[in-house]
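Chemist: Take the sequence shown: its position 221, counting from 1, is numbered 223 in this note's numbering, and each next residue is one higher.
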Amino acid sequence: MITGHGSVANAVEALQQGARHYFEKPVDPLLLARRLASDLADKKAREGLAEQLSPYLVFKDAAMAEALADLPRFAASSEAVLIQGETGTGKELVARALHGLGPRAQQPFVTVNCGAIPESMLEAELFGHEKGAFTGASHRHLGRFEQAHKGTLFLDEIGEMPLPAQVSLLRVLEEGKLRRIGGEREIAINVRVVAATHQALEERLESGLFRRDLFYRLHVLPVTLPLLRDRPRDIGLLPRHFLDKSLRDSGWSGPQPVLEDAAVALLQAYDWPGNVRELRNLMARLAIRIPAGLREIRASLLAPLLPGGRGQGRIGREGVFIPEGTTLADAEWLLIDAVLKASGYNRSKAARLLGIGERTLRRKLNTTS
């Protein structure tokens, strides 16, 4: 932004609205040229990164581009990677990108959820066991490390791994060898380890629930993924991507409908506690509800699918949220939908709250459905 009426308030507002730089007149043309050249280079780099990662991840937002900027270089390495981020932010997709872009791409990619396997079985699942090693071991079992030999082992929810298993894991990572439970010989392995967690491992270190030496063994190449609500540009991009995929999977024929601006604004107003996974699931539900031949998806069709919160019409002390750009017809539907929910879907009560007759309410519902 360039202005002849500069002030601190104007500068703050301009930056909040998305301006990258703020100049007061007169502007030094050489400084402006350098800033523009730098910005264009950054934009080109982000677009190149997004294209390179497009088989695995879809994004445009600068926050995601910054988080993934080193991913191609990390992929070329064999060092351990620790991916941190809330549930649903795409940690497994990042792990698959690291594998697919690296020299091990043609080798196995093996996953294990450390929080989903009982503690008594975890070491046998990771390192394998010999026949007769314990009750029920009727045959030799190759663990996930051996299954991933020469490839990538993805240890999801590493923060939930019990301490005894952490000790065994650290030893295998440091020595590059393992011994199956009940086995007598050591087996050399060549595995690239990628770990992920939604927990703050630093806090678990302080509480003694995660070993410090294992943390530093895994925290060689760190990746921290942003929340979806911190990726506003992607909230406009991802719904179309997921909706197109869901419609294709359902056998949709003809032109695919587009989201109107008010519908996108509705999505951007929601907090997305489940992050990208929640958005993907929402688009799958929406795809099922779209009537044949629909060309544009309006906010009124989308709003009932959102849980109670900022993105959905609701009534009470907080009022009814109506996104900027919503049409009068869609605003009316948001209000009707909120009152119906508040009345327990009692049409007589909802009509009284709205100040209209029950027949009028029935007609409006038939019109908007």
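All C-beta atoms, glycine included, are put in the ideal place defined by N, C-alpha and C. Remember, predicted model here, so these are calculated numbers, not experimental data.
Do you know offhand how far Met-129's Cα is from Ser-79's?
Modeler: Here residue 129 is Phe; the residue named in the question, Met, does not match the sequence. For Phe-129 and Ser-79, the distance between alpha carbons rounds to 24 Å.
Chemist: Closer than 8 Å is the cut-off here; do at least three beta carbon pairs connect the stretch 256 to 276 with the stretch 214 to 226?
Modeler: Too few Cβ pairs lie closer than 8 Å, so no.
Chemist: Give the DSSP-derived three-state secondary structure of Ile-358 in the structure shown.
Modeler: coil
Chemist: Can you tell which of Arg-194, Lys-45, Gly-6 and Thr-5 has its C-alpha closest to the C-alpha of Ala-77?
Modeler: Arg-194
Chemist: Starting from the C-beta of Ala-107, find all residues in its chain whose C-beta is less than 7 Å away, skip the five residues before and the five after it, and write them out in chain order.
Modeler: His-101
Chemist: Of the residues Ser-209, Arg-206 and Asp-273, which one's Cα is nearest the Cα of Arg-233?
Modeler: Distances from the CA of Arg-233 to each of Ser-209, Arg-206 and Asp-273 were compared; the closest alpha carbon is that of Asp-273.
Chemist: If we count the other Cβ atoms within 10 Å of its Cβ and call it buried at 16 or more, is Tyr-347 buried or exposed?
Modeler: Residue environment: Tyr-347 is assigned as exposed (fewer than 16 neighbouring CB atoms within 10 Å of its CB, all protein chains considered).
Chemist: Pairs of beta-carbons, one from the stretch 119 to 134 and one from the stretch 294 to 312, closer than 8 Å: are there three or more?
Modeler: no
Chemist: Is it right to say Ala-39 is buried, meaning 16 or more other beta carbons lie within 10 angstroms of its own, or is it exposed?
Modeler: exposed
Chemist: Short of 6 Å in beta carbon distance, which residues of its chain neighbour Arg-231, apart from the five on each side in sequence? Order them along the chain.
Modeler: Asp-273 and Trp-274
Chemist: When we look at the beta-carbon of Asp-63 and count the other beta-carbons within 10 Å, is it buried (16 or more) or exposed?
Modeler: buried
Chemist: Determine the extent of the alpha helix (DSSP H) in which Asp-236 is found, giving its start and end residues.
Modeler: Per DSSP, Asp-236 belongs to the alpha helix (DSSP H) from 234 to 251.
Chemist: Anyone know if the C-beta pair for His-151 and Ile-191 falls short of 8 Å?
Modeler: yes
Chemist: Please tell me whether Glu-88 and His-200 are closer than 8 Å, where the distance is taken between their beta carbons.
Modeler: yes
Chemist: Could you spell out the range, first to last residue, of the alpha helix (DSSP H) harbouring Pro-224?
Modeler: Segment 223 to 226 is the beta strand (DSSP E) holding Pro-224; no alpha helix (DSSP H) there.
Chemist: Along the chain, where does the alpha helix (DSSP H) containing Arg-287 start, and where does it finish?
Modeler: Arg-287 -> alpha helix (DSSP H) spans 277 to 291.
Chemist: How many angstroms separate the CA atom of Ser-56 from the CA atom of Ile-4?
Modeler: 35 Å
Chemist: With H, G and I counted as helix, E and B as strand and the rest as coil, what does DSSP make of Val-29?
Modeler: coil
Chemist: Less than 7 Å between C-beta atoms, sequence neighbours within five positions excluded: which residues of the same chain meet that for Tyr-58?
Modeler: Leu-95, Arg-98, Ala-99 and Gly-102
Chemist: Measuring straight from C-alpha to C-alpha, what distance separates Arg-364 and Arg-297?
Modeler: 25 Å
Chemist: Could you pull the start and end residues of the beta strand (DSSP E) that Phe-217 belongs to?
Modeler: No beta strand (DSSP E) contains Phe-217, which is instead part of the alpha helix (DSSP H) from 214 to 220.
Chemist: State yes or no: is the C-beta of Leu-216 within less than 8 Å of the C-beta of Leu-171?
Modeler: yes
Chemist: Just the Cα atoms here: how many angstroms apart are Arg-319 and Ala-344?
Modeler: Residue confidence for Arg-319 is low, a pLDDT of 36 falling below 50, so the modelled location carries little weight and cannot support an answer.
Chemist: Residues in the same chain with beta-carbon distance under 8 Å from Gly-210, minus the five sequence neighbours each way, listed in chain order, please.
Modeler: none
Chemist: What three-state label does DSSP hand Gln-149 in the structure shown?
Modeler: helix
Chemist: Output yes or no for whether 8 Å exceeds the beta carbon distance between Arg-381 and Ala-265.
Modeler: The structure shown does not extend to residue 381, since the chain is modelled only from 3 to 371, so the question has no answer here.
Chemist: Report yes if the CB atom of Lys-93 is closer than 8 Å to the CB atom of Leu-227, and no otherwise.
Modeler: yes
Chemist: Quick check: the Cα distance between Arg-204 and Val-83, rounded to an integer number of angstroms?
Modeler: Just to set this straight, residue 204 is Glu in the shown sequence, not Arg. C-alpha separation (whole angstroms): 16 Å.
Chemist: Looking at the structure shown, is Gln-19 part of a helix, part of a strand, or coil, going by DSSP?
Modeler: coil
Chemist: Output the residue ranges of the beta strand (DSSP E) runs that lie fully inside the stretch 95 to 132 and measure 3 residues or longer, sorted by chain position.
Modeler: 111 to 115
Chemist: Measure the CB-CB distance between Gly-184 and Glu-132 and report whether it falls below 8 Å.
Modeler: Yes, Cβ-Cβ distance for Gly-184 and Glu-132 is below 8 Å.
Chemist: Can you give the Cα-Cα distance for Ser-9 and Arg-242, rounded to whole angstroms?
Modeler: 39 Å
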